[in-house]
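>
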Amino acid sequence: MTEPATTPVRNIVFDMGGVLMNFDGPYFASLFTDTPEDAALLNGALFGSTMWSLLDSGTITHETMRRYAENHLPQRLHPNLHECIAHWPEHSEPFEETNDLAIRLKSEGYGIYLLSNANTNIMRQLGHAPACRFLDGIVVSAKERLMKPDPAIFRLLCDRYDLKPGECLFVDDNEDNCIGARTAGMRAFHFTHKPHGDVTELEATIRLLS
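Numbers 1135 to 1344, taken from our numbering, label the letters of the sequence shown in order.
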């Protein structure tokens, strides 16, 4: 949660995975394998690998990620891996309530932005979120070679889009990222995806701070 401040919030900065869209590596892996054991192997080599964070940071390429995953899987699962890499973003579903809120806030005159730790192919995933076409700006970690919770990436967002940090509310499902936003001068809302309650609480917080 956040505390009221004298400067009204004018801009809402959303995270993608866990806020606007789901990201569930074990589930994605299960869609491209036949057994729980193979799904666990695929997830561990891809989404659950430390290399995935390097992909999101822009440190490695998609080709390097593929080769790494291949080297950590039996050869019989290489076709499954390739199918998963090609198609998992199609199975990242938008969260209807947060997308609806973002669109409604945009119609009320708020600035709507996205700040995500994600790879350079982000639009394959984000592109089918209803709120995507209403965004005023997007900052992606892999393209900037900066990652949340580094306060520098929040400052970069503000500099690029001429925003005042104190007029921004950042929404993320990771508390460390919220701390990074606050360090950069923003206010932040830790989104925990409580059934049916978290979006209501988020909107109430926005109204309180506006």
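For each residue, glycine too, the CB sits at the ideal point set by N, CA and C.
Tell me the residue span of the beta strand (DSSP E) that contains Ser1250.
1245-1250
> For the alpha helix (DSSP H) containing Leu1269, list its first residue and its last residue.
Careful: Leu1269 lies outside any alpha helix (DSSP H) and carries neither H nor E.
> Any idea which residues DSSP pairs Ala1322 with across the strands?
Phe1304
> Quick test of the definition: if touching needs 3 or more C-beta pairs under 8 Å, does the stretch 1233-1242 touch the stretch 1168-1176?
no
> For Ile1256, which three-state DSSP category applies?
coil
> How long is the line joining the alpha carbons of Met1199 and Thr1140, rounded to whole angstroms?
46 Å
> Would Pro1228 be called buried (16 or more neighbouring beta carbons within 10 Å of its own) or exposed?
buried
> So within the stretch 1152-1235, which uninterrupted alpha helix (DSSP H) runs reach at least 4 residues, ignoring any that extend past its ends?
1159-1165, 1170-1179, 1184-1191, 1196-1205, 1212-1221
> Please determine if the stretch 1258-1274 and the stretch 1283-1295 are in contact, where contact requires at least 3 C-beta pairs separated by less than 8 Å.
yes
> For Pro1142, I'd like the list of residues in its chain whose CB is within less than 8 Å of its CB, leaving aside the five on either flank, ordered along the chain.
Glu1301, Leu1343, Ser1344
> Tell me whether Gly1314 is buried or exposed, calling it buried when 16 or more other Cβ atoms sit within 10 Å of its Cβ.
Counting Cβ neighbours within 10 Å, Gly1314 comes out buried, since at least 16 surround it.
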